[in-house]
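Q: So that we are looking at the same thing, I have put the structure below in structure tokens.
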Amino acid sequence: MTQKRIFSGIQSTGIPTLGSFLGAISNWEKLSAEYDCLFCVVDLHAITVRQNPETLRKYGREMLAWLIALGLNPEKNILYYQSHVPAHAELSWLLNCFAYMGELNRMTQFKVKSAKNEENINVGLYSYPVLQAADILLYRADLVPVGEDQRQHIELCRDIAGRFNKIYGDIFTIPEAYIPPVGAKIMSLQNPTEKMSKSDENVNSCVYLSDSPDAIIKKFKRAVTDSDNTVKFSQEKPGISNLLTIYACMTGKKIADCEAEFADAGYGAFKQAVGEAVAQNLAPYRDEHARIMSDIGELDAIAAKGAKKAAESAAETLAKVKKAIGFVV
Ligand code: TYM
Numbered sequence: 099m100t101q102k103r104i105f106s107g108i109q110s111t112g113i114p115t116l117g118s119f120l121g122a123i124s125n126w127e128k129l130s131a132e133y134d135c136l137f138c139v140v141d142l143h144a145i146t147v148r149q150n151p152e153t154l155r156k157y158g159r160e161m162l163a164w165l166i167a168l169g170l171n172p173e174k175n176i177l178y179y180q181s182h183v184p185a186h187a188e189l190s191w192l193l194n195c196f197a198y199m200g201e202l203n204r205m206t207q208f209k210v211k212s213a214k215n216e217e218n219i220n221v222g223l224y225s226y227p228v229l230q231a232a233d234i235l236l237y238r239a240d241l242v243p244v245g246e247d248q249r250q251h252i253e254l255c256r257d258i259a260g261r262f263n264k265i266y267g268d269i270f271t272i273p274e275a276y277i278p279p280v281g282a283k284i285m286s287l288q289n290p291t292e293k294m295s296k297s298d299e300n301v302n303s304c305v306y307l308s309d310s311p312d313a314i315i316k317k318f319k320r321a322v323t324d325s326d327n328t329v330k331f332s333q334e335k336p337g338i339s340n341l342l343t344i345y346a347c348m349t350g351k352k353i354a355d356c357e358a359e360f361a362d363a364g365y366g367a368f369k370q371a372v373g374e375a376v377a378q379n380l381a382p383y384r385d386e387h388a389r390i391m392s393d394i395g396e397l398d399a400i401a402a403k404g405a406k407k408a409a410e411s412a413a414e415t416l417a418k419v420k421k422a423i424g425f426v427v
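Here it is, written out as structure tokens:
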């Protein structure tokens with residue numbers, strides 16, 4: 099039997115955060131032992147919000163270097179930039195003709211992002227989930243490891259694939275989302291009812307993987323909590339619950355055990371412990387990232403190799419799709 103396949107992607111819109119690490123990339127690394135994997139820096143998705151060209155290029159390379167630094171071995175996994183494989187854009191167009199505006203209108207992320215970018219609600223932002231469906235379906239992925247915020251997009255991808263298959267036969271693999279039981283939605287440290295996001299303007303909201311250990315500990319010390327002073331996981335305590343989730347992910351302990359560990363501690367000591375656990379865990383990755391970034395030639399070679407392999411696999415699906423639709427082949 100052939101190995102099952104994983105596809106996942108991350109936008110090159112900034113430095114990855116603790117949220118993208120815990121919600122997605124750390125699981126990519128764990129699952130990569132059992133699956134045949136493609137991990138893509140989705141730079142086509144990134145331009146749905148206006149980007150400075152130099153910054154986009156810089157973040158693109160940095161993101162690829164982070165994926166490698168976080169343990170995704172480029173010899174075992176296909177790592178590449180979305181813009182290097184034109185089949186993504188081509189399948190996206192084809193799938194646009196199988197996605198309904200009613201479906202896209204319901205996408206939460208489109209509503210949130212268009213509210214934030216009122217002056218640039220472009221068509222790309224609207225059809226973003228169709229490009230995402232193309233990413234996944236091109237490679238016949240079985241599993242898509244993502245954070246909670248991507249659940250709706252994966253559902254839509256399944257619906258589009260199912261609709262296409264109903265018309266043309268068994269062309270696409272219907273993928274499953276893999277959303278981790280703990281850590282699927284890491285919240286902002288300053289506003290714990292909102293997702294931690296790499297595009298947040300308040301740097302204290304967010305732990306970036308590039309942050310120094312000192313900066314990380316300071317950010318946790320400043321994290322917004324509540325006035326109750328008991329370390330308990332509950333809906334009424336979003337700040338403390340978020341910190342407990344982070345601590346549990348970082349130490350591999352159960353939430354209940356983390357609560358017990360800090361039963362007699364005040365918030366100050368708890369925040370310090372969470373900050374130290376995060377700082378300690380992330381430090382080796384930061385060093386490895388710096389090492390990888392010191393050889394851009396090698397990084398670009400990895401991307402070129404990845405794109406070649408990805409393009410070969412994508413071409414097979416695209417040929418099947420075009421034939422099924424009825425284009426002259
Ligand atoms: P992006 O770049 O916003 O985030 C990359 C991955 O990180 C997860 N994530 C989080 N998980 C938990 N807590 C958080 N605070 C947090 N922030 C980010 C995201 O859920 C995601 O899994 N549309 C996607 C990229 C994409 C993609 C794809 C993903 C494009 N094509 C195909 C999977 C398959 C996005 O914007 O991710």
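Read in order, the letters of the sequence shown correspond to residues 99 to 427 in this note's numbering.
From the three backbone atoms N, C-alpha and C, an ideal C-beta is built for every residue, glycine too.
Since the model is a prediction, treat every value here as computed from it, not as a measurement.
(1) Below 8 Å, how does it come out for the region 239-246 and the region 383-401: are there three or more Cβ pairs, yes or no?
(2) Taking only three categories from DSSP, how would you classify residue 350?
(3) Return helix, strand or coil for residue 136, following the three-state DSSP convention.
(4) Taking all protein chains shown into account, decide if residue 310 is buried (16 or more other Cβ within 10 angstroms of its Cβ) or exposed.
(5) Which residue's Cα is closest to the Cα of residue 223: 207, 334, 140?
(6) Along the chain, where does the beta strand (DSSP E) containing residue 243 start, and where does it finish?
(7) Near residue 135, which residues of its chain fall below 6 Å by C-beta distance, leaving aside the five closest residues on each side in sequence?
(8) Identify whether residue 238 lies in helix, strand or coil by the three-state DSSP scheme.
(9) Where does residue 206 sit, in a helix, a strand or coil, going by DSSP?
(10) Residue 177 lies in the beta strand (DSSP E); which residues open and close that run?
(11) Alpha carbon to alpha carbon, how far is residue 257 from residue 202?
(12) Regarding residue 247 and the ligand TYM, is the C-beta to nearest heavy atom distance less than 8 Å?
(13) In terms of DSSP beta bridges, what is residue 105 paired with?
(14) How long is the line joining the alpha carbons of residue 265 and residue 337, rounded to whole angstroms?
(15) So is residue 218 buried or exposed if we call it buried at 16+ other beta carbons inside 10 Å?
(16) Return helix, strand or coil for residue 274, following the three-state DSSP convention.
(17) Residue 314 and residue 363: beta carbons closer than 9 Å?
(18) When every heavy atom of the ligand TYM is checked, does at least one fall within less than 8 Å of the C-beta of residue 151?
(19) Consult DSSP for residue 418 and reduce its assignment to one of helix, strand or coil.
(20) What is the DSSP secondary structure of residue 198, counted as helix, strand or coil?
(21) Beta carbon of residue 164, beta carbon of residue 114: below 9 Å?
(22) With DSSP as the reference, identify every bridge partner of residue 115, one or two as the case may be.
(23) Note down the Cα distance separating residue 189 from residue 102, rounded to an integer number of angstroms.
(24) Given residue 139, which residues of its chain have a CB within under 6 Å of its CB, disregarding the five upstream and five downstream residues?
(25) Per DSSP, what kind of secondary structure is residue 161 in: helix, strand or coil?
(26) Should residue 251 be counted as a contact of the ligand TYM given a C-beta to heavy atom distance under 8 Å?
(27) Exposed or buried, which one is residue 152 when buried takes at least 16 other CB atoms within 10 Å?
(28) Closest by CA to residue 327, which one among 294, 361, 303?
(29) So, for residue 348: in the same chain, excluding its five sequence neighbours on each side, which residues have a beta-carbon less than 7 Å away from its beta-carbon?
(30) Exposed or buried, what is residue 329 when buried is set at 16 or more other beta-carbons lying within 10 Å of its beta-carbon?
(31) Is residue 296 close to the ligand TYM? I mean its beta-carbon at under 8 Å from any heavy atom of the ligand.
A: So, to answer that:
(1) no
(2) coil
(3) strand
(4) exposed
(5) 207
(6) 241-243
(7) 104, 175
(8) The answer is coil: DSSP assigns residue 238 none of H, G, I, E or B.
(9) helix
(10) 176-179
(11) 12 Å
(12) Yes, the Cβ of residue 247 comes within 8 Å of a heavy atom of the ligand TYM.
(13) 136
(14) Spanning the alpha carbons of residue 265 and residue 337 requires a straight line of approximately 48 Å.
(15) exposed
(16) strand
(17) no
(18) no
(19) helix
(20) coil
(21) yes
(22) 306
(23) 22 Å
(24) 110, 158, 161, 162, 179
(25) helix
(26) yes
(27) exposed
(28) For the set 294, 361, 303, the Cα lying nearest the Cα of residue 327 is the one of 361.
(29) Here the set comprises 375, 376, 379.
(30) buried
(31) yes
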